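First the structure, in the form of structure tokens, and then the observations on it.
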């Protein structure tokens, strides 16, 4: 239903503006607080005009939280997770949609069911696998008796070990598998007319060629949308990076933010904390702004 | 140019059989049209030749080589799809040249061949456009260009004209025919449009329910349809069909006690149930009650410019008459129809098979109304 009366229009505008104000208020507070010195920031109520210590606070936050290193880690982490998710889901959906193999439906539903098992639910087993990525194989060998057999025959005990804690692969790999992305890609592939695949077949292109020449270019808006969402999602991950990186060299910016938050009896320098927050939320914001046009197209419309 | 041979080709999806053993010899360079109603298995047959559907049983040979197990690209066929299936993210030039790119030809060679093909199809000004920026007819041409560039030995067309408007369809029809005359490649064209089929075909194949009903030249199928189905499918407006039985004196009772003389020489016993058909073009309208005429009522007159189609009611059934001359009849008027016996087609009632006349009567058949 489309209503077009001046009063209704005005009402809509007011509601939207209110919503916008509510969404922007925290940002305004962060920005204002980041520009004051220690004394001003602790005045109640907080002044509504920006101060002049912005650059000092930024510099202080940068040094204290080692943000150079941490932001770099974050970019690597979020970028690799997002790229990995896009690549993996594009390929997984390709297999599910375009190939007929036994257990196809079962595999699709198995992927789908993992939607119900977010990382938080399976954090303990995931940590245990990250501690030794080959542990599942070791367990299989143990159960089937291979370990005992080899030990009896050769005297060597099979002990597979590949620790991933405190490493980029450890941070990234457990987060790469994605049911959402696979599903998004599957739905996209299903909108591509079957004749397109057949025409490519007649033109002599094999499956790989079809994937690279047709599906990837056609799914570009999709890819960008998925990458953007997943980058922001990975950037905001807290629990897993906190758990898997004890070495500060591999820490990421979001978990490192806690070093900037004043402790109970410490100096209440919220200005520095806010400056750090501002720096840390900048990269995903820039990405979303840059990708916005593609992002919306990828989510709502399919290219004709 | 290559011959295409089908030997007892069958297709079934699980237990559901769609094509029940098709045998067909297509000499090299022939333009074959496969005509049939939707769901008769004609597209499936085409796709089996192309290699897009697996062949359940039987053999398909192209140029004398059995291709059952070959990938589509190794069969030397090119296909034009009903909805064109152009690659939406590629320009016209890229669309046409994609097969060459896959084949690994150099950029310069590709460009030269694409330009040649585009030139012959009048697509040269559009080479840098995307398919979305083309009209229906242009897209159709791109699809043909994409098929032509590979210089295939067999062209396959899967209802390529059905997405075009009527005028463009006639134009493209002529263009496809011209293309075939120029290239001389074997072409297999699937359609449900009998006008398209009649105008394009060297060899017309009518399919029904997964079987070939009849194959022959369009003129042959028009003059001697082998079954009731072919009779009703080939020719426009369709053949008039009347059900009835043989009377004691050998005449045909179509609406007792109205009767119609049949051509002599039909081996028929009294009481046999029959279907008798006559082409709308073979009937003449005369004054009601004229000697040798049967009575009918005018329903609608369609003016076609060059001719007219008069739709009548005969014995409670619709009956059409096509005439080139002027008609003065009005709806509701009673008229007389002359159905010359030598133009009648006689079909068995149960199987719908044609009953052939061994000798033709010399004198015009007598009618009694």
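Protein chains in written order, with our numbering: chain A, 779 to 1082; chain B, 1414 to 1782.
Glycine included, each C-beta is placed from N, C-alpha and C at the ideal position.
Just so it is clear, the structure is predicted and the values come from calculations on it, not from any experiment.
Flag residue i as yes if its beta-carbon sits less than 8 Å from any beta-carbon of chain B, otherwise no.
{"i": "residue 797 of chain A", "result": "no"}
{"i": "residue 968 of chain A", "result": "no"}
{"i": "residue 940 of chain A", "result": "no"}
{"i": "residue 906 of chain A", "result": "no"}
{"i": "residue 1004 of chain A", "result": "no"}
{"i": "residue 882 of chain A", "result": "no"}
{"i": "residue 1057 of chain A", "result": "no"}
Could you pull the start and end residues of the beta strand (DSSP E) that residue i belongs to?
{"i": "residue 1429 of chain B", "result": "1429-1439"}
{"i": "residue 829 of chain A", "result": "It is not in any beta strand (DSSP E) - residue 829 of chain A carries neither H nor E in the DSSP assignment."}
{"i": "residue 1022 of chain A", "result": "Premise fails: residue 1022 of chain A lies in the alpha helix (DSSP H), 1017-1022, not in any beta strand (DSSP E)."}
{"i": "residue 1473 of chain B", "result": "1470-1475"}
{"i": "residue 954 of chain A", "result": "Premise fails: residue 954 of chain A is in no beta strand (DSSP E) and is neither H nor E."}
{"i": "residue 1617 of chain B", "result": "1616-1621"}
{"i": "residue 1697 of chain B", "result": "1697-1699"}
Rounded to whole angstroms, what's the CA-CA distance from residue i to residue j? Just pull it up for me.
{"i": "residue 1641 of chain B", "j": "residue 1653 of chain B", "result": "10 Å"}
{"i": "residue 842 of chain A", "j": "residue 1050 of chain A", "result": "9 Å"}
{"i": "residue 1561 of chain B", "j": "residue 1715 of chain B", "result": "41 Å"}
{"i": "residue 1602 of chain B", "j": "residue 1454 of chain B", "result": "13 Å"}
{"i": "residue 1048 of chain A", "j": "residue 830 of chain A", "result": "15 Å"}
{"i": "residue 1591 of chain B", "j": "residue 1617 of chain B", "result": "18 Å"}
{"i": "residue 1555 of chain B", "j": "residue 1478 of chain B", "result": "30 Å"}
{"i": "residue 1704 of chain B", "j": "residue 1749 of chain B", "result": "9 Å"}
{"i": "residue 762 of chain A", "j": "residue 958 of chain A", "result": "Examination of residue 762 of chain A is not possible in this model, given that chain A is present from 779 through 1082 alone."}
{"i": "residue 939 of chain A", "j": "residue 1064 of chain A", "result": "40 Å"}
{"i": "residue 984 of chain A", "j": "residue 1547 of chain B", "result": "28 Å"}
{"i": "residue 1490 of chain B", "j": "residue 1671 of chain B", "result": "56 Å"}
{"i": "residue 882 of chain A", "j": "residue 963 of chain A", "result": "16 Å"}
{"i": "residue 1621 of chain B", "j": "residue 950 of chain A", "result": "60 Å"}
{"i": "residue 1709 of chain B", "j": "residue 1735 of chain B", "result": "15 Å"}
{"i": "residue 1623 of chain B", "j": "residue 974 of chain A", "result": "26 Å"}
{"i": "residue 1426 of chain B", "j": "residue 1655 of chain B", "result": "37 Å"}
{"i": "residue 1016 of chain A", "j": "residue 789 of chain A", "result": "39 Å"}
{"i": "residue 1018 of chain A", "j": "residue 901 of chain A", "result": "8 Å"}
Could you tell me the boundaries of the alpha helix (DSSP H) in which residue i lies?
{"i": "residue 920 of chain A", "result": "913-922"}
{"i": "residue 1000 of chain A", "result": "998-1013"}
{"i": "residue 1533 of chain B", "result": "1520-1534"}
{"i": "residue 1510 of chain B", "result": "1505-1516"}
{"i": "residue 1461 of chain B", "result": "1455-1463"}
{"i": "residue 1034 of chain A", "result": "1031-1034"}
{"i": "residue 818 of chain A", "result": "816-819"}
{"i": "residue 1628 of chain B", "result": "Run containing residue 1628 of chain B: none in the alpha helix (DSSP H); it sits in the beta strand (DSSP E), 1624-1629."}
{"i": "residue 783 of chain A", "result": "Segment: none, residue 783 of chain A is in no alpha helix (DSSP H) and carries neither H nor E."}
{"i": "residue 859 of chain A", "result": "845-876"}
{"i": "residue 1645 of chain B", "result": "1641-1646"}
Spell out the partners DSSP gives residue i in its beta bridges.
{"i": "residue 1731 of chain B", "result": "B:1726"}
{"i": "residue 1492 of chain B", "result": "B:1569"}
{"i": "residue 1687 of chain B", "result": "B:1657, B:1761"}
{"i": "residue 1671 of chain B", "result": "B:1668"}
{"i": "residue 1602 of chain B", "result": "B:1446, B:1570"}
{"i": "residue 1426 of chain B", "result": "B:1429"}
{"i": "residue 987 of chain A", "result": "None; residue 987 of chain A has no bridge partner."}
{"i": "residue 1419 of chain B", "result": "B:1437, B:1473"}
{"i": "residue 1708 of chain B", "result": "B:1749"}
{"i": "residue 1479 of chain B", "result": "B:1474"}
Is residue i close to chain A? Criterion is C-beta to C-beta, closer than 8 Å.
{"i": "residue 1567 of chain B", "result": "no"}
{"i": "residue 1485 of chain B", "result": "yes"}
{"i": "residue 1515 of chain B", "result": "yes"}
{"i": "residue 1747 of chain B", "result": "no"}
{"i": "residue 1632 of chain B", "result": "no"}
{"i": "residue 1675 of chain B", "result": "no"}
{"i": "residue 1465 of chain B", "result": "yes"}
{"i": "residue 1491 of chain B", "result": "yes"}
{"i": "residue 1512 of chain B", "result": "yes"}
With a threshold of 7 Å, establish whether the CB of residue i neighbours any heavy atom of the ligand NAD.
{"i": "residue 1569 of chain B", "result": "For the structure depicted, the ligand NAD is absent and the ligand set is empty, with no information on it obtainable."}
Checklist entry - Closer than 8 Å, Cβ to any Cβ of chain A: which residues of the region 1414-1446 of chain B, in chain order? => result Taking 8 Å as the Cβ-Cβ cut-off against chain A, none of the residues of the region 1414-1446 of chain B qualify.
Next on the checklist: Which residues of the region 1493-1510 of chain B have a Cβ closer than 7 Å to any Cβ of chain A? Give them in chain order.
Outcome noted: Of all residues in the region 1493-1510 of chain B, the ones placed with a Cβ closer than 7 Å to any Cβ belonging to chain A are 1494, 1496, 1498, 1500, 1501, 1502, in chain order.
Checklist entry - Closer than 7 Å, Cβ to any Cβ of chain E: which residues of the region 1593-1624 of chain B, in chain order? => result The question asks about chain E, but that chain is absent: this structure's protein chains are A and B.
Checklist entry - Mind listing which residues of the region 978-997 of chain A have their C-beta closer than 9 Å to chain B's C-betas, in chain order? => result Listed by position along the chain: 978, 979, 980, 981, 982, 983, 984, 987, 991, 992, 995, 996.
Checklist entry - Using a Cβ cut-off of 7 Å, which residues of the region 948-975 of chain A contact any Cβ in chain B, in chain order? => result Within the region 948-975 of chain A, the residues whose Cβ lies closer than 7 Å to any Cβ of chain B are, in chain order, 971, 973, 974.
Next on the checklist: Output needed in chain order: residues of the region 1704-1720 of chain B with a Cβ under 8 Å from some Cβ in chain A.
Outcome noted: Listed in chain order, the positions of the region 1704-1720 of chain B with a beta carbon within less than 8 Å of a beta carbon of chain A would be empty, since no residue qualifies.
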